[in-house]
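Protein chains in written order, with this note's numbering: chain L, 620 to 910; chain C, 169 to 587.
A short write-up of the structure that comes next.
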């Protein structure tokens, strides 16, 4: 028999992961991303397992690649590609400049399971250049909250909230859930307003409603309360976490406010920064259980 | 689901276009500013050429063809001419020296006399049709009943006649050393306006023309009655041969080919081909000039639209990145700038059409003294507007295509965090 190809290897790996880790929404092994330049970094996700329904907060110093990790989870950013596929350019000896620390396993995998038992091999999708397939995956199963809301400026709060539902044709089905979300976030009176006329706190609450409205499996949030004062931030984060739990939605959040995240019920997954010959490298190793 | 995302993106593109009302309005005004002069220019070009062409077309005399010198044309030859696809109407002419008649009307002091040229006519004569004049007919008994005649305006004026009036026709000859006269009763079938004929002409049935020629040749015309003086020798047996004919081409474009066909037969003919050619050459020259202007404008429009759309995409990178992050696919993202470019094209063309309407009204008012009836100096037909909308929309979409591809390739991770 000939050698097993990279595609079939990763597919086999994804299937295996799907079987063994059916309770994981995300399961990543040896995924990396390098950002060149003065403000660049080298991020390596050695292992990241996100259990379904969990609230996970990625924490670490500024510029370590937390937002990049979030974008990769959102399938909006391709992991680094090598001639062999997506496995990182690792060498056990770490002899060359820019090499990363020795990984636990060389095989790269990235499985996204929006529903239990239905796993998608994200690396294979990237390899096929299937950005549209990944976009559709986002539309159906992901929500995203940015530090500044990420609302479309030409749509009212109501239109922003129902945008994905309209695209999916599920507005009628989701109407009751949307009403609940809007009531819980206390933004009923803001629905006719445009983002430019909302305060930052109001905008973030609308953004959270927008990310939850279509009933995604996962919501990714990039410092959703960073622009708010501490009082408002704690309140918004608490509401966000409560709604996610109530709707059984997994949340992966990037934050610098560890205490606030803990109080809201998030489990902290640290991104540690290590030095090697190539400089500093950010490493994320999270098995799905707090140490 | 696919239909939902398409319509959602369509709505988003329109919403954003409306949201940036001021910028959108500027783009629309910019397009209208380029397009309006072009529409007015084409309107004037089309209006002037159309007016000149219509004037030529509406005057059947411009379609008339007749031999310069007398020839020998048999009925068979004339029948072949009539069957030619470029020929609308043809009638033989008798010798011009024999084609006159003394016309008189009234009695006593009110009696008027006129020597009129005779011109043959029949059903389908374009000259009479053009001016709505009745075609004169031959009665069943022309020896006792009046024969129809259509008079030119000057002839009718000199004889103080109007439609339905009767008059007398007299033909004289010198035969066997004596001056002889034949008479015929006539009734005015119609009076042609001055624009149709300035000379003293009577349009009569061909049979009366032939009778007049026969009589002058010393022959009898029993159909018109010996009692009326139409006596003489019997007509010779055999086919009649005519010295000329009056022919009308089917259209302006057919005059020149017919002239060339006659020239190939060594037959010189009178035509208005030169005047037609002048207008055709003018139209060709104006078409060429307009095509050059259009090409230059089109290239400029393509370049400016492409750069505007590109600038718009650069400005809206974050929005496009957010839409990509929401899950809109490549095609839908491309739709965003394409729809907005199309909206500018449609609104700009609509505005230009409106401004053109005002300009055309002013121009036509200004030059109203130079035109008659329904003629317009500045004129565009509905199909011209349809063409303008289609051309501008097509160019706008073409210009926005490459920038739209760029829009679809926006990397969300690189733009969504920009403020």
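All residues carry an ideal CB built from backbone N, CA and C; glycine is no exception.
Being a predicted model, the structure only gives us computed values, none of them experimental.
- Taking 7 Å as the CB-CB cut-off, is residue 824 of chain L touching chain C? By this cut-off, residue 824 of chain L is not an interface position.
- Query: Which whole-angstrom value is the C-beta distance of residue 281 of chain C and residue 418 of chain C, which I expect to be below 8 Å?
  - Reply: Not really, about 40 Å apart at Cβ, beyond 8 Å.
- Message: With H, G and I counted as helix, E and B as strand and the rest as coil, what does DSSP make of residue 771 of chain L?
- Response: For residue 771 of chain L, the three-state secondary structure derived from DSSP is coil.
- Message: Tell me which residues share the same chain as residue 583 of chain C and place their Cβ nearer than 7 Å to its Cβ, disregarding the 5 neighbours each side in the sequence.
- Response: Within the same chain, 485, 486 and 489 come within 7 Å of residue 583 of chain C by CB-CB distance, once the 5 residues on both sides are set aside.
- Message: Just checking: is the beta-carbon of residue 509 of chain C within a distance shorter than 7 Å of some beta-carbon in chain L?
- Response: Contacts with chain L at 7 Å (Cβ-Cβ) do not include residue 509 of chain C.
- Item | Continuous alpha helix (DSSP H) stretch holding residue 424 of chain C: start and end | 420-432 is the span of the alpha helix (DSSP H), which, as asked, contains residue 424 of chain C.
- Under the three-state reduction of DSSP, which class applies to residue 410 of chain C: helix, strand or coil? Of the three classes helix, strand and coil, the one that applies to residue 410 of chain C here is strand, per DSSP.
- Query: Can you tell me whether residue 683 of chain L is buried or exposed, with buried defined as 16 or more other CB within 10 angstroms of its CB?
  - Reply: Residue 683 of chain L should be labelled buried.
- Item | chain C residues whose Cβ lies nearer than 9 Å to that of residue 693 of chain L | Think of a sphere of 9 Å around the beta carbon of residue 693 of chain L: the chain C residues whose beta carbon falls inside it are 493, 580 and 581, in chain order.
- Message: By alpha-carbon positions, which one of L/654, L/733 and L/765 ends up nearest to residue 828 of chain L?
- Response: The option with the nearest alpha carbon to residue 828 of chain L is L/765.
- residue 216 of chain C, buried or exposed, once every other Cβ within 10 Å from all chains shown has been counted against 16: Around the C-beta of residue 216 of chain C, 16 or more other C-beta atoms lie within 10 Å, and the residue is accordingly described as buried.
- Item | Residue of C/317, C/347, C/541 and C/182 minimising C-alpha distance to residue 145 of chain C | No answer is possible for residue 145 of chain C: the residues shown for chain C start at 169 and end at 587.
- Task: Let me know if residue 293 of chain C comes out buried or exposed under the rule of 16 or more other beta-carbons within 10 Å of its beta-carbon.
- Result: The residue in question, residue 293 of chain C, is buried, as its Cβ has 16 or more Cβ neighbours within 10 Å.
- For residue 729 of chain L, three-class secondary structure by DSSP: Correct three-state label for residue 729 of chain L: strand.
- Who are residue 270 of chain C's beta bridge partners in DSSP? The partner list for residue 270 of chain C (beta bridge, DSSP) reads C/283 and C/338.
- Please confirm if residue 731 of chain L has its CB atom under 7 Å from at least one CB of chain C. Any Cβ of chain C closer than 7 Å to the Cβ of residue 731 of chain L would place that residue at the interface, and such an atom is absent.
- So which residues of chain C does residue 746 of chain L contact, with C-beta pairs closer than 9 Å? The contact set of residue 746 of chain L on chain C, defined by CB atoms closer than 9 Å, is empty, because the minimum CB distance reaches about 18 Å.
- Message: With H, G and I counted as helix, E and B as strand and the rest as coil, what does DSSP make of residue 885 of chain L?
- Response: Reduced to three states, the DSSP call for residue 885 of chain L is coil.
- Along chain L, in chain order, which residues have C-beta atoms closer than 7 Å to that of residue 184 of chain C? Think of a sphere of 7 Å around the beta carbon of residue 184 of chain C: the chain L residues whose beta carbon falls inside it are 773, in chain order.
- Task: State buried or exposed for residue 184 of chain C, treating a residue as buried only when at least 16 other CB atoms are found within 10 Å of its CB.
- Result: Label assigned to residue 184 of chain C: buried.
- By the 10 Å Cβ neighbour count, where 16 or more other Cβ atoms means buried, how is residue 482 of chain C classified, buried or exposed? So residue 482 of chain C counts as exposed.
- Classify residue 636 of chain L as helix, strand or coil using the three-state DSSP reduction. Confidence at residue 636 of chain L is low in this model, with a pLDDT of 46, below 50, so its placement is unreliable and the value that follows should be read with caution. Residue state, collapsed to three classes: helix.
- Pull up the CB-CB distance for residue 288 of chain C and residue 420 of chain C, whole angstroms please, since I reckon it's below 8 Å. Contact annotation, residue 288 of chain C with residue 420 of chain C: C-beta distance approximately 24 Å; criterion of less than 8 Å not satisfied.
- Task: Tell whether a beta-carbon distance below 7 Å holds between residue 284 of chain C and residue 269 of chain C.
- Result: The Cβ atoms of residue 284 of chain C and residue 269 of chain C sit closer than 7 Å to each other.
- Message: Tell me which residue opens and which closes the alpha helix (DSSP H) that residue 226 of chain C is part of.
- Response: Its alpha helix (DSSP H) spans residues 189-226.
- Where residue 316 of chain C sits in the DSSP three-state scheme: Strand at residue 316 of chain C.
- Query: Going along chain L in order, which residues have a C-beta closer than 7 Å to the C-beta of residue 483 of chain C?
  - Reply: Ordered by position in chain L, no residue passes the 7 Å Cβ test against residue 483 of chain C, which lies about 12 Å from the chain.
- Task: Could you check if residue 438 of chain C is buried or exposed, using at least 16 other CB atoms within 10 Å of its CB as the buried criterion?
- Result: Here residue 438 of chain C is exposed: its Cβ has fewer than 16 other Cβ atoms, across all protein chains shown, within 10 Å.
- In chain C, which residues lie less than 7 Å from residue 754 of chain L when you measure between Cβ atoms? Correct list: 492, 495, 496 and 497.
- Any C-beta of chain C under 7 Å from that of residue 848 of chain L: So, not an interface residue.
- Kindly indicate the opening and closing residues of the beta strand (DSSP E) around residue 815 of chain L. First-last for residue 815 of chain L: undefined, no H or E at that position.
- Taking Cβ positions, are residue 331 of chain C and residue 372 of chain C nearer each other than 7 Å? Going by C-beta atoms, residue 331 of chain C is not nearer than 7 Å to residue 372 of chain C.
- Item | Proximal chain L residues relative to residue 196 of chain C, where beta-carbon distance stays under 7 Å | In chain order: nothing, as chain L lies at least about 18 Å away.
- Query: Out of curiosity, what's the CA-to-CA distance linking residue 537 of chain C and residue 545 of chain C?
  - Reply: Rounded to whole angstroms, residue 537 of chain C to residue 545 of chain C spans 11 Å at the Cα level.
- Please confirm if the region 225-233 of chain C is in contact with the region 437-452 of chain C, defined as three or more CB-CB distances below 8 Å between the two stretches. Touching, yes.
- Query: In the DSSP assignment, what residue or residues form a beta bridge with residue 763 of chain L?
  - Reply: Paired residue(s): L/839.
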